[in-house]
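So the structure is just underneath, and the comments pick up after that.
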Amino acid sequence: MFPRFERIGQDGERYVAHRFNDGRYRMANPALGRRKHHSANQLSVELTEIVGYLELGYLLRMRGETTKQVNLIAASEIRIIRDE
0 MFPRFERIGQ DGERYVAHRF NDGRYRMANP ALGRRKHHSA NQLSVELTEI
50 VGYLELGYLL RMRGETTKQV NLIAASEIRI IRDE
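Quick note: the sequence shown uses numbering that gives the first Met the number 0, first residue 0, plus one each step.
Right, dumping it as structure tokens:
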């Protein structure tokens, strides 16, 4: 079973990992500073790779379930849910 990822925003909206049309997820290196959000600077990763990058402090593109807005979310704000 693969882990799930969520963040609850200040307004209570739940964000989940956003899968792009190619079936992959996008992550960004915080060391890139103000350029990290540019698509050319983001990594395209498989679901199985996300935890490893979060442990390194990378940000994950997540989508709000209500607003459908896609944002980069810091690793420290993401909860990893492992169903056993």
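Positions of the beta carbon are idealized from the N, C-alpha and C atoms, including for glycine.
Original post:
Which residues in the same chain have their Cβ closer than 7 Å to the Cβ of E76, if we skip the five residues on either side of it in sequence?
Top reply: Once the five neighbours on either side are set aside, the close Cβ partners of E76 are R6.
Subject >> Proximity below 8 Å, CB of F4 to CB of L59 >> reply: Result yes, Cβ atoms of F4 and L59 sit closer than 8 Å.
**OP:** May I ask which residues mark the beginning and end of the beta strand (DSSP E) holding Y57?
**Re:** Looking at the DSSP string, Y57 is not in any beta strand (DSSP E), and its letter there is neither H nor E.
**OP:** Identify, in the order they occur along the chain, each residue of the same chain with its Cβ nearer than 6 Å to the Cβ of L42, setting aside the five sequence neighbours on each side.
**Re:** The answer, listed in chain order, is M26.
Original post:
DSSP beta-bridge partners for R23?
Top reply: None; R23 has no bridge partner.
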